[in-house]
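So the protein lines, in turn, are chains A and B. Each residue of the first sequence is one higher than the last, beginning at 9 in this note's numbering. Each residue of the second sequence is one higher than the last, beginning at 143 in this note's numbering. Where a beta carbon is used, it is the ideal one built from N, C-alpha and C, also for glycine. As the structure is a prediction and not an experimental result, all values here were calculated from the model.
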Amino acid sequence: MLELHIWGPSFTLPSISPQSLSAIAYLKLTQPPTAWTLIPSSNPLLSPSRELPALRDGTIWVPGFRGIIEYLRHKNGRALDDVLGREERADALAFGTYIESVGGRLLDLSMYLTDENFDVLRGAFAKLLPVPARYYVPGVLRREARRRSDGLIPASSVSATDPTTPLPLPSAMTAAALPATREKILAKATAERIKQTAIAANFLQAIQTRLGKGEYFFGDKPSSLDCLAVGYLSLGLYAELPNGWLREEMLTQHGQLCTYVNGVRGHMLGDGVDVVAVMSGQATVTTSSGQVVDGGLPWGIVEPQYVPQVTRFLLNRAMEMVGITSTGRDGSVRGEEEQTQEKKEHEKGMKSLQRWETAKNMAVVVGCIGTFIGYCVWNGLITMELGGRGKDKVAGGVTGGIGGRDDDGEKDAENEMELLEGFGSAEAILGLGDEVNKAFVRGVNEEEREGKGGFNQKSSESLA
Amino acid sequence: MVSLPIPKFLKTLFDSFPLLTYPANPLPSRCPKFGTAPSLYVFTTPEDAVSGNPSFNPSCLKWQAYLKFNGIEFKTVPSNNHASPTGALPFMISQQKSVSESTEMTVIPSNKLTAWIEKHGYSLEEADMDSARAKAFLALVNAQLRDAWLYALYLEPNNSQDLAGVLYCGSSVSAVSSFLLRQAKAGARQQLLQAHPGGVLDPREIYASAGDALEAISTILGRDTWFFGGRDPGLFDASVFAYTHLILTLRWHSKENALLRAVMRHDNLLGHEKRIRDKFFPEAKTPDPDHRLEG
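Rendered as structure tokens:
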């Protein structure tokens, strides 16, 4: 059974990401409905390449639209594009790449980088994601979108945060200044809109020219290019966003493309999908009114994984900041490639080089932490804490006369022991000697014993 | 305002030391002189700049080749990104004598070069770059071929040391050049991550998609002389030449030359590269057959 993991559904479409939609269309066209399930996990960290969509076949994970096509070609021995000629296949690849790069950036621009639309998108993500993830994932995606689109649009499309023409501070916004500011914002919005529309028109025109009047891009049979086109265009057409410049441009100027998307949507992406039903695992159940909510897609159930998800996210961020990034760690996908001895050796060399890089990075981090701790010790920050505990002990001794205080003291000491042990294990990770740790703990034990001795003495004295 | 009369003795004093305005100093001799030929600022070595040899940077070479296609006389000047007004090479400085005889200098960044060339070059019978197909295939070159190029040059460990380090990050102080190389590698990784948001870069996948892209480009070239059946080479020819020429001439590390092997598989692309090299860059390095065989 194949599992297709995707970003979850929204806007009545089975997914919120164009790549996921394209992958769904491809599987729906090539696989019988019993052979695969669609899992709206919305968690890219599940797959080793940390990308969605990802296809899982047993233990093998295959990321990305093209990766999935390649894998299914190996598995089934045939692909959707087999019927195409050489030149048509070249066209399919080129236009596919064009849709992915330019179309993808247009969608980024429309969905993530237009402020009012992003607010709506955040709401859509809230329906797909569990509680901790729904707060940070949209932001992460937006950052990615901004990184992708830096070549296409000037920074000004991030309207309010443009540093080149700072808006007056709220305190300076007197009644006289307000209309001028509004005018400025309005003028900028118009300029932005013209620019965006120009980019969109350019892109849509090229696609429409290629499509011509045919039912599909290549004759009367769908191809991988159709999957990509439907994935990207349907999101532009059906996503209901408050600032719908992309949608308007499609509807008013490129009716032919809209007709095409409307026509093929039914059997490539299924009909309307009910987001709530899918996310609660009710999609496979037909409702009493006989209405189908699954849109003709084999939905599966998401296994919730809150804690690992958040932990892995935080770990990834930390690694990213330190500068440790994984490069091609997953080698399991295309294992059947012939490997000559030379190649293997080279790969070994590469790996050792990478390991060396990672080790160097780690050493720098460890060194910095070590220096910091060393500085703390040298500066007396840690001894101060030890001194503080001594004072506690004395205080305990003084008030020890009251019964029941004894227990508390012991508990405190225990807590402290635990704390120290925690500290010790951290030190062990950092590679500091065990001896130090043991000596430390021993010292504490002795102190504790002494403290108890003194305590008992004192209390017995006060009793006497 | 009432003018104060200057006392007699002061007047005689000032008259004996008259105020003199000297003519402006000449510019230092190391200052660039702008002749009538426009200068294109590219990544190149000083020797190659004099002989007009191809730049070692694909986007610079693309424009260099396209200017030559259009028969525009220009000279290349070795430079780097810090010199450019847009932060990226190439850019062009052209000096024109305007009507009023005062010389006028214009700086043209790379995204305005097409318009400038249209105004100043011959009108070529090249393929229409606005056609949907040309746009799509240009996206293929700029996405997949470029990604593989960046990976091969900056992120393969040996290549980045021996090629990228020497070409782009040459500095007499080793600490500076290693820092620059680190910066360049981080930049390349950032670029690659645009297409791989997960942060995992699989070299086999990157090279495989570059191979597919080359296959597609080779297919549309077919047996034609220039792409899209144009009678003269156009911007797309320049874009493809910029990559194929550099991939064929750079001395890749023998075990990190997957890109070279991918280009070698397509005879018509090799022919295309040779045609342009022979016609427009007669003094350029020829791909070294012995080196190719190593892979």
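Worksheet entry | 6 Å CB neighbourhood of B:S381 in its chain, flanking five on each side removed | If you number the second sequence from 1, residue 381 of chain B lands on position 239. So the list reads K204 and V283, once near-sequence residues are dropped.
Discussion item. Assess contact between the region 204-214 of chain A and the region 110-118 of chain A, defined as three or more Cβ pairs (one per stretch) separated by less than 8 Å. Is contact present?
Written reply: Enough Cβ pairs lie closer than 8 Å, so yes.
Worksheet item: Heavy atom of the ligand ZN less than 8 Å from the Cβ of A:S288, yes or no?
Response: As far as ligands go, the structure on display features none, and thus does not contain the ligand ZN.
Discussion item. Rounding to the nearest angstrom, what Cα-Cα distance links B:C173 and B:L280 in this structure?
Written reply: To locate residue 173 of chain B, count along the second sequence from 1; it is residue 31. To locate residue 280 of chain B, count along the second sequence from 1; it is residue 138. Here the C-alpha atom of B:C173 lies approximately 38 Å from the C-alpha atom of B:L280.
Discussion item. Per the DSSP calculation, A:H13 is bridged to which residue(s)?
Written reply: On the first sequence, residue 13 of chain A is found 5 positions in, with the first residue counted as 1. Answer is A:I47 and A:A62.
Worksheet item: Taking Cβ to Cβ, would you say A:L243 is nearer than 9 Å to A:P26?
Response: Translated into positions along the first sequence, residue 243 of chain A becomes position 235. Translated into positions along the first sequence, residue 26 of chain A becomes position 18. A contact, by the Cβ cut-off of 9 Å.
Worksheet item: For a contact meaning CB atoms closer than 7 Å, what does B:F279 contact in chain A?
Response: For the purposes of this step, residue 279 of chain B is taken as the residue at position 137 of the second sequence. What B:F279 touches in chain A: A102.
Discussion item. Please report the distance separating the alpha-carbon of A:L29 from that of A:I14.
Written reply: Along the first sequence, one-based indexing puts residue 29 of chain A at 21. Along the first sequence, one-based indexing puts residue 14 of chain A at 6. Whole-angstrom Cα-Cα distance: 8 Å.
Worksheet item: Touch check for the region 145-154 of chain A and the region 31-48 of chain A: three-plus C-beta pairs under 8 Å?
Response: The region 145-154 of chain A vs the region 31-48 of chain A: no contact.
Worksheet item: From A:R113 to A:R156, what does the alpha carbon distance come to, in whole angstroms?
Response: Within the first sequence, residue 113 of chain A is the residue found at index 105, counting from 1. Within the first sequence, residue 156 of chain A is the residue found at index 148, counting from 1. If you take the alpha carbons of A:R113 and A:R156, they lie about 7 Å apart.
Worksheet item: Would you report the Cα separation of A:E200 and B:T391, rounded to the nearest angstrom?
Response: On the first sequence, residue 200 of chain A is found 192 positions in, with the first residue counted as 1. On the second sequence, residue 391 of chain B is found 249 positions in, with the first residue counted as 1. Distance from the CA atom of A:E200 to the CA atom of B:T391, rounded to whole angstroms, is 43 Å.
Fill in: A:V492 - DSSP class collapsed to helix/strand/coil
Because chain A here runs from 9 to 472, residue 492 of chain A falls outside it and cannot be looked at.
Practice prompt. Please report the Cβ distance between A:R94 and B:T361, rounded to the nearest whole angstrom; I am assuming they are in contact, meaning their Cβ atoms lie under 8 Å.
Written response: Along the first sequence, one-based indexing puts residue 94 of chain A at 86. Along the second sequence, one-based indexing puts residue 361 of chain B at 219. Indeed, because the Cβ distance is near 5 Å, the residues count as touching under 8 Å.
Practice prompt. For B:D354, return the contacting residues in chain A, with the cut-off set at a CB-CB distance below 7 Å.
Written response: For this step, residue 354 of chain B is matched to residue 212 along the second sequence. Within chain A, the residues placing a beta-carbon under 7 Å from that of B:D354 are L101, ordered along the chain.
Worksheet entry | Unbroken alpha helix (DSSP H) run spanning B:K87, endpoints | Residue 87 of chain B is absent from the structure shown; chain B starts at 143 and stops at 437.
Worksheet entry | Contacting residues, own chain, Cβ-Cβ under 6 Å from A:I76 (five flanking each side not counted) | By 1-based counting over the first sequence, the position of residue 76 of chain A is 68. These residues qualify, in order along the chain: A31, L63 and V70.
Worksheet item: CA-CA distance, A:A183 and B:T228?
Response: To locate residue 183 of chain A, count along the first sequence from 1; it is residue 175. To locate residue 228 of chain B, count along the second sequence from 1; it is residue 86. Unreliable placement is indicated for A:A183, whose pLDDT of 49 sits below 50; the coordinate value is still reported in the next sentence. Each residue's alpha carbon lies about 39 Å from the other.
Worksheet entry | Beta carbon proximity, B:S273 to chain A, threshold 9 Å | Within the second sequence, numbered from 1, the residue matching residue 273 of chain B stands at position 131. Closer than 9 Å to some Cβ of chain A, the Cβ of B:S273 qualifies, so yes.
Worksheet item: Cβ of A:M9 less than 9 Å from any chain B Cβ?
Response: Taking the first residue of the first sequence as 1, we reach residue 9 of chain A at position 1. So, not an interface residue.
Discussion item. Are the CB atoms of A:L136 and A:P17 within a distance shorter than 9 Å?
Written reply: By 1-based counting over the first sequence, the position of residue 17 of chain A is 9. By 1-based counting over the first sequence, the position of residue 136 of chain A is 128. For the pair A:P17 and A:L136, the CB atoms are nearer than the 9 Å cut-off.
Worksheet item: CA-CA distance, B:G371 and A:N251?
Response: As a working mapping, residue 371 of chain B is identified with position 229 in the second sequence. As a working mapping, residue 251 of chain A is identified with position 243 in the first sequence. In a straight line, the C-alpha of B:G371 is about 42 Å away from that of A:N251.
Discussion item. To be precise: take each residue of the region 356-387 of chain A, compare its Cβ to all Cβ atoms of chain B, and keep it if any distance is under 7 Å. Which residues remain?
Written reply: Listed by position along the chain: M358 and L361.
Worksheet item: According to DSSP, is B:F378 helix, strand or coil?
Response: The sequence position of residue 378 of chain B within the second sequence is 236, counting from 1. Three-state result, B:F378: helix.
Worksheet item: At a CB-CB cut-off below 8 Å, which residues of chain A make contact with B:P251?
Response: Start at 1 with the first residue of the second sequence, and residue 251 of chain B comes out as number 109. Chain A residues near B:P251: none, gap ~13 Å exceeds 8 Å.
Discussion item. Output needed for B:A330: all residues of its chain with C-beta closer than 7 Å, excluding positions within five of it in sequence on either side, in chain order.
Written reply: Translated into positions along the second sequence, residue 330 of chain B becomes position 188. Excluding sequence neighbours, B:A330 sits near L292, Y296 and L297.
Worksheet item: When we look at the beta-carbon of B:N223 and count the other beta-carbons within 10 Å, is it buried (16 or more) or exposed?
Response: Taking the first residue of the second sequence as 1, we reach residue 223 of chain B at position 81. B:N223 is exposed by the Cβ-count criterion.
Worksheet item: Would A:V372 be called buried (16 or more neighbouring beta carbons within 10 Å of its own) or exposed?
Response: Numbered from 1 along the first sequence, position 364 holds the residue referred to as residue 372 of chain A. The residue in question, A:V372, is exposed, as its Cβ has fewer than 16 Cβ neighbours within 10 Å.
Worksheet item: For the candidate residues A:I47, A:S23 and A:Q39, whose alpha-carbon lies nearest to that of A:I309?
Response: As a working note, residue 309 of chain A is residue 301 in the first sequence. Just measuring C-alpha positions, the residue of A:I47, A:S23 and A:Q39 sitting nearest A:I309 is A:I47.
Discussion item. Along the chain, where does the beta strand (DSSP E) containing B:L182 start, and where does it finish?
Written reply: What you label residue 182 of chain B is simply residue 40 of the second sequence in a count that begins at 1. Counting along the chain, B:L182 sits inside the beta strand (DSSP E) bounded by residues S181 to V184.
Worksheet entry | Boundaries (first-last residue) of the beta strand (DSSP E) holding B:K217 | Within the second sequence, the letter at position 75 stands for residue 217 of chain B. In the DSSP assignment, B:K217 falls within the unbroken beta strand (DSSP E) covering K217 to P220.
Practice prompt. Would you mind giving the Cβ-Cβ distance between B:S181 and B:K217, rounded to the nearest angstrom? I have them listed as a contact below 8 Å.
Written response: What you label residue 181 of chain B is simply residue 39 of the second sequence in a count that begins at 1. What you label residue 217 of chain B is simply residue 75 of the second sequence in a count that begins at 1. With a contact defined as Cβ atoms closer than 8 Å, B:S181 and B:K217 qualify at about 5 Å.
Worksheet item: From A:S288, A:E365 and A:P230, pick the residue whose C-alpha is nearest to that of A:D90; which is it?
Response: For this step, residue 90 of chain A is matched to residue 82 along the first sequence. Its Cα nearest to that of A:D90, the residue A:P230 stands out among A:S288, A:E365 and A:P230.
Item to complete: Work out the CA separation of B:Y349 and B:R288 for me, nearest whole Å.
Response: Along the second sequence, one-based indexing puts residue 288 of chain B at 146. Along the second sequence, one-based indexing puts residue 349 of chain B at 207. Cα to Cα, B:R288 sits roughly 11 Å from B:Y349.
Worksheet entry | Residues that B:M247 bridges to, as DSSP identifies them | The sequence position of residue 247 of chain B within the second sequence is 105, counting from 1. In DSSP, B:M247 forms a bridge with B:Q237.
Discussion item. For A:K83, would you say it is in contact with chain B, using Cβ-to-Cβ distances shorter than 9 Å as the test?
Written reply: For the purposes of this step, residue 83 of chain A is taken as the residue at position 75 of the first sequence. False, the Cβ-Cβ gap to chain B never drops below 9 Å.
Discussion item. Using DSSP's beta-bridge definition, name the partner residues of A:V70.
Written reply: Here residue 70 of chain A refers to the residue found at position 62 when the first sequence is read from its first residue. Per DSSP, A:L63.
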